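S.K.: Taken in sequence, the protein lines are chains B and E. Residue numbering for the first sequence follows this note's numbering, starting at 1 and increasing by one per position. Residue numbering for the second sequence follows this note's numbering, starting at 501 and increasing by one per position.
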Amino acid sequence: MAPASRSAAPGKSASGLVADPGERSWQYAPAPESRHVVAIAPEYGLFVAGEFRPAADGATFVTVNPATEEPLTRVAAAGAADVDAAVAAARTAYDQVWGPMPGSERAKYLYRIARQLQERAREFAVLETLDNGKPIKESRDVDIPLAAAHFFYYAGWADKLEHAGFGPDPRPFGVAGQVIPWNFPLLMAAWKLAPALAAGNTCVLKPAETTPLTALLLAQVCQEAGLPPGVVNVLTGAGDTGAALVGHPGVNKVAFTGSTEVGKQIARAVAGTGKKLTLELGGKAANIVFDDAPVEQAVEGIVNGIFFNQGHVCCAGSRLLVQESVADVVVARLKRRLATLRLGDPLDKNTDIGAINSRPQLDKIGELTKAGEAEGAQRWSPPCELPDRGYWFPPTVFTGVSQSHRIAREEIFGPVLSVLTFRTPDEAVAKANNTPYGLSAGIWTDKGSRILWLAQKLRAGVVWANTYNRFDPASPFGGYQESGYGREGGRHGLAAYLNV
Amino acid sequence: MSVGIEAVTRPAPERWAIEPGDLATSDAALRQVLHGLPGVDEVGAAQRAAGLATRSIKKDAKLQALDMAVAMVDLTTLEGADTPGKVRAMCAKARQPDPGDHGVPPVAAVCVYPDLVGVARQAVAGSGVAVASVATAFPSGRASLAVKLADVADAVSAGADEVDMVIDRGAFLAGRYGAVYAEIRAVREACGPAHLKVILETGELGPLDNVARASWLAMMAGADFIKTSTGKVTPAATPPVALVMLAAARDFEEATGRRVGVKVAGGIRTAKDAIRYLVLVNEVAGPAWLTPKLFRIGASTLLNDLLMQRSKQLTGQYAGPDYFTLD
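1. Determine contact between the stretch 283 to 298 of chain B and the stretch 377 to 389 of chain B, defined as no fewer than three beta-carbon pairs at a distance below 8 Å.
2. Looking at the C-beta of THR636(E), does it have a partner C-beta in chain B at a distance below 7 Å?
3. Checking contacts by CB at 7 Å: is GLU783(E) closer than that to chain B?
4. Quick check: the Cα distance between GLY493(B) and ASP82(B), rounded to an integer number of angstroms?
5. Determine, for LEU790(E), whether the minimum Cβ-Cβ distance to residues of chain C falls below 7 Å.
6. Can you tell me which residues form a DSSP beta bridge with GLN809(E)?
7. Can you tell which of LEU780(E), LEU803(E), THR791(E), GLY731(E) has its C-alpha closest to the C-alpha of GLY551(E)?
8. Look up CYS611(E) in the DSSP assignment and give the residues it is bridged to.
9. Among the residues of its own chain, which have a CB less than 8 Å from the CB of ARG333(B), if the five just before and after it don't count?
10. Distance, Cα to Cα, SER640(E) vs ALA569(E)?
11. Are any of the Cβ atoms in chain B nearer than 7 Å to that of ARG676(E)?
12. Does the contact criterion of 3 or more C-beta pairs under 8 Å hold for the stretch 369 to 379 of chain B versus the stretch 331 to 347 of chain B?
13. Check whether the Cβ atoms of ILE768(E) and ILE557(E) sit closer than 7 Å, and answer yes or no.
14. Please state the DSSP three-state secondary structure of PHE308(B).
15. By a C-beta neighbour count over all protein chains shown, 10 Å radius and 16 as the cutoff for buried, is LEU452(B) buried or exposed?
16. Which first and last residues belong to the beta strand (DSSP E) in which LYS844(E) is found?
17. From the DSSP secondary-structure annotation, give me the bridge partner or partners of GLU51(B).
18. With a threshold of 16 other CB atoms inside 10 Å of the CB of THR583(E), please say whether the residue is buried or exposed.
19. Tell me, to the nearest whole angstrom, how far the beta carbon of LEU743(E) is from that of VAL784(E); I am working on the premise that it is less than 8 Å.
20. Could you check the C-alpha separation between CYS314(B) and VAL303(B) for me, to the nearest Å?
21. Jot down the residue ranges of each uninterrupted beta strand (DSSP E) in the stretch 353 to 385 of chain B, minimum 3 residues, whole runs only, in chain order.
22. Kindly list, in the order they appear in chain E, the residues whose Cβ is closer than 8 Å to that of GLU300(B).
23. When you compare the CB of PRO554(B) with every CB in chain E, is at least one pair closer than 7 Å?
24. Distance cutoff 7 Å, beta carbons only. Does VAL607(E) sit that close to anything in chain B?
25. Secondary structure at ARG333(B), three-state DSSP: helix, strand or coil?
26. Taking the alpha-carbon positions, what's the GLY258(B) to PHE672(E) distance?
27. Hey, VAL500(B) and PHE173(B) are a contact pair by Cβ (cut 8 Å); roughly how many whole angstroms apart?
28. Helix, strand or coil: how does DSSP classify THR825(E) here?
29. Can you list, in chain order, the residues of its chain with a C-beta nearer than 7 Å to that of VAL75(B)? Leave out the 5 residues immediately preceding and following it.
30. Taking the straight line between their C-alpha atoms, what separation do you get for ILE407(B) and VAL543(E)?
31. Would you call the stretch 688 to 701 of chain E and the stretch 713 to 728 of chain E touching, i.e. three or more CB-CB distances under 8 Å?
32. Do you know whose CA, among TYR818(E), GLY816(E), ARG810(E), lies nearest ASP567(E)'s CA?
33. If I measure Cβ to Cβ from ALA219(B) and keep anything under 6 Å in the same chain, skipping five residues before and after, which residues do I get?
34. Please state whether DSSP places ARG487(B) in a helix, a strand or coil.
35. If you measure from the beta carbon of LYS447(B) to each beta carbon in chain E, is any gap under 7 Å?
36. For the beta strand (DSSP E) that contains ILE288(B), what are its first and last residues?
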């Protein structure tokens, strides 16, 4: 594996290069994005009714940079009283301002937020990378632009709801309680807030405990955009804050993205309350490579499928199903490609693999990979130096995996790929569907008819053909079975926030 | 065509890695091979090339890249208006790109039309700069094989170290792979000791699948280099095309043990573009290809931007264009 941040060989004389530059290796010099583009305050409050304020009981917690374990700042931990206050603010805003407001006026606010996200993209990207550990090239090129795109997309729907296919005058629910994960902190906030606000709901958003900062910066953007107080409230805190929010009687709609385990708890908590619920949970997606696949691009798709965002992706292609006749070639090329990945400082613009988001997540990945070895799968990682401090895990490939192994069934949520083989398209379908999840799948083949046939057969909410982990605000996203229910994105995403 | 078949049946030098018999070079047999290559997904290739274009090359790495790029330039003039004077001037620039800084390496080669090879040969004598000549009815390649071979013989006898031939795109697109193969081998023979670069003219080949197939066809027929373009057709070199050709060269080495070079040409005018190609070379073919022996950039105006960026990198300031020689 190429070191992400190491200076080129000393000396700048050109003379040594004339004979044969290939004799000297070319190392990319460190190219760190400046962390000074964002000012991190020493302390952050909750965003309630348009103002930042401390928790009622004064509780706080520390958020750290997972790449260095260095504390970034202290953040208020919302308790039950804060949840009450936020829900009440959201209710008032819904009744008095946001609910009665024409869609065309709501749209103006959403467009303004979208433009602010674009204008302050660099600030958001650096903050996301500091708090989450993901490479700056991903926060810069994926997270932030997609978050802005979601606001732009749903801003366009705000005054066209009667044309969305839900009847002449679809109504919002009221107050939405939204709990989001740490893997795409700002993007998940955008996925939740943009459609909810476009549909006319007001929101109380609970970002993840380890990644609260970009949601708070987004709250600041809402404030500066003149969004009426209470339309968006942000409550930082841990699991109990989230539980208090989804359990609050003043909430009409609950939306959650996160683990299947917590999703089940939430489903139990809201059962019988009349609250509407959408869940976007875990996955164990099959990325299926046929013998006629465009191999070079399939390898890229496998890498992107499982190593994008360190594998902290619910729709990650964590199970590679490769046709047995080409398995050796594909795995060999995959390994060759992995050796070129650059792991290291997430702020370095040339870093491909960043840090694991937290110690508990690192421990979980370690535990499951140990189980993989114990069950007899062959473990491989490229030669790779991990930084001394912070939470790190090397890109890891398990070959010789079978359906009965834990690493083929359980969501690892880390940079760990399980390689399984199949013989025929029918067997590929059977193996791909043999999971309690059903969020996403990938198909790699040059045969168009097979793509269409397979897409019909796969029980997965999203099926990518000859690509992977591509997102667009116009495209609905969501799962089957234990991957949850409801869709986010596109026209379908509106249905989650309209009483239809 | 008859000449082509003769060429194929003649014993070949050892460095030709693939030595198929007559049957294996029929259109049908070559189609089996070329259409049996893995397909290239256009969207995926473009995405990968765009991803690598975001690599940030700074400080020492940039200086090293600029020097590498200078040493990989095939400084080119291919105009109807070329004269001995113009070629001599270009050759002087090739030997010593920056009169104000002797740390700048000479370029890899100068590239001219066959009738000016003699002039170039003299002008670069003793400098280590090679003389490359386009040939085979460049740029269209629309002439009989006999004319093309005479063109090559002309260039080689005048002292060309490298011959840049064009493939018969018409034959390739018509599926007459045997003819293309035979022609490359015939030219290969006519080159003698001269290195053969085979121009695919990817801007006329259409999909990237065809770029991969033409790359393999040329490498199988004995090319020392595969080259994107003549520079006379738009689009010329593009990052996705270079990506596919570099991957083909890497896979060809894996299959045969023989390393074939890649040359990108046409439309590469800025140091930034050149560095992006070097990143592609480094991360797709591998660091072993980062040498003028295996990677070239065909260009004319590029050289001065490389020099300008180089001096900026060393002094911290940009010098105006008047501080760099025209040719």
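Ideal placement from N, C-alpha and C gives every residue a C-beta, glycine not left out. Nothing here was measured: the structure is a model prediction, and the numbers come from that model.
M.R.: Looking at the coordinates:
1. no
2. Here the question's residue 636(E) lines up with position 136 in the second sequence. Taking Cβ atoms only, chain B never reaches closer than 7 Å to THR636(E), which makes this a no.
3. Here residue 783(E) refers to the residue found at position 283 of the second sequence. Taking Cβ atoms only, chain B reaches closer than 7 Å to GLU783(E), which makes this a yes.
4. The residue you call residue 493(B) lines up with position 493 of the first sequence. The residue you call residue 82(B) lines up with position 82 of the first sequence. Taking the straight line joining both Cα atoms gives about 29 Å.
5. This model lacks chain C altogether, as its protein chains are B and E.
6. In the second sequence, counting from the first residue as 1, residue 809(E) sits at position 309. DSSP lists no partner for GLN809(E).
7. Taking the first residue of the second sequence as position 1, residue 551(E) is located at position 51. Checking every option, the nearest Cα to that of GLY551(E) belongs to LEU780(E).
8. For the purposes of this step, residue 611(E) is identified with residue 111 of the second sequence, where counting begins at 1. In the DSSP output, where bridge partners are listed per residue, CYS611(E) has THR576(E), ALA632(E).
9. Locating residue 333(B) in the first sequence gives position 333, where the first residue counts as 1. These residues qualify, in order along the chain: VAL295, GLU296, VAL299.
10. Residue mapping note: residue 640(E) aligns to position 140 of the second sequence, counting from 1. Residue mapping note: residue 569(E) aligns to position 69 of the second sequence, counting from 1. Distance between the alpha carbons of SER640(E) and ALA569(E): 28 Å.
11. For this step, residue 676(E) is matched to residue 176 along the second sequence. It does not; no Cβ of chain B falls within 7 Å.
12. no
13. For the purposes of this step, residue 768(E) is taken as the residue at position 268 of the second sequence. For the purposes of this step, residue 557(E) is taken as the residue at position 57 of the second sequence. Not in contact: ILE768(E) and ILE557(E) (Cβ atoms no closer than 7 Å).
14. Locating residue 308(B) in the first sequence gives position 308, counting from the first residue. Residue state, collapsed to three classes: helix.
15. For this step, residue 452(B) is matched to residue 452 along the first sequence. So LEU452(B) counts as exposed.
16. Nothing can be reported for residue 844(E), as the shown portion of chain E is limited to 501 through 827.
17. In the first sequence, residue 51(B) corresponds to position 51, counting from 1. The partner list for GLU51(B) (beta bridge, DSSP) reads VAL48(B).
18. Reading the second sequence from its first residue, position 83 is the one you call residue 583(E). Under this definition THR583(E) is an exposed residue.
19. In the second sequence, counting from the first residue as 1, residue 743(E) sits at position 243. In the second sequence, counting from the first residue as 1, residue 784(E) sits at position 284. That pair is a contact at about 6 Å.
20. What you label residue 314(B) is simply residue 314 of the first sequence in a count that begins at 1. What you label residue 303(B) is simply residue 303 of the first sequence in a count that begins at 1. C-alpha separation (whole angstroms): 15 Å.
21. 378 to 380
22. As a working note, residue 300(B) is residue 300 in the first sequence. Correct list: GLY544, GLN547, ARG548.
23. Nothing in the structure corresponds to residue 554(B), since chain B is present only between 1 and 500.
24. Position 107 of the second sequence holds residue 607(E). Taking Cβ atoms only, chain B never reaches closer than 7 Å to VAL607(E), which makes this a no.
25. Against the first sequence, residue 333(B) aligns to sequence position 333. Three-state result, ARG333(B): helix.
26. Indexing the first sequence from 1 puts residue 258(B) at position 258. Indexing the second sequence from 1 puts residue 672(E) at position 172. Whole-angstrom Cα-Cα distance: 54 Å.
27. Within the first sequence, the letter at position 500 stands for residue 500(B). Within the first sequence, the letter at position 173 stands for residue 173(B). Between PHE173(B) and VAL500(B) the Cβ distance is about 10 Å, and since that is not below 8 Å, they are no contact.
28. Position 325 of the second sequence, counting from 1, holds the residue named residue 825(E). Three-state result, THR825(E): coil.
29. Residue mapping note: residue 75(B) aligns to position 75 of the first sequence, counting from 1. If we look at VAL75(B) and ignore the five residues flanking it on each side, its Cβ neighbours are TYR44, THR60, PHE61, THR63, PRO212, THR236.
30. The residue given as residue 407(B) occupies position 407 in the first sequence. The residue given as residue 543(E) occupies position 43 in the second sequence. For ILE407(B) and VAL543(E), the distance between alpha carbons rounds to 31 Å.
31. yes
32. Position 67 of the second sequence holds residue 567(E). Taking only the C-alpha atoms, the option nearest ASP567(E) is ARG810(E).
33. Stepping through the first sequence from its first residue, residue 219(B) is reached at position 219. If we look at ALA219(B) and ignore the five residues flanking it on each side, its Cβ neighbours are PHE47, VAL234.
34. Residue numbering aside, residue 487(B) sits at position 487 when the first sequence is read from its first letter. Coil.
35. Counted from its first residue, the first sequence places residue 447(B) at position 447. No, because no Cβ of chain E sits closer than 7 Å to the Cβ of LYS447(B).
36. For the purposes of this step, residue 288(B) is identified with residue 288 of the first sequence, where counting begins at 1. Residues 286 to 289.
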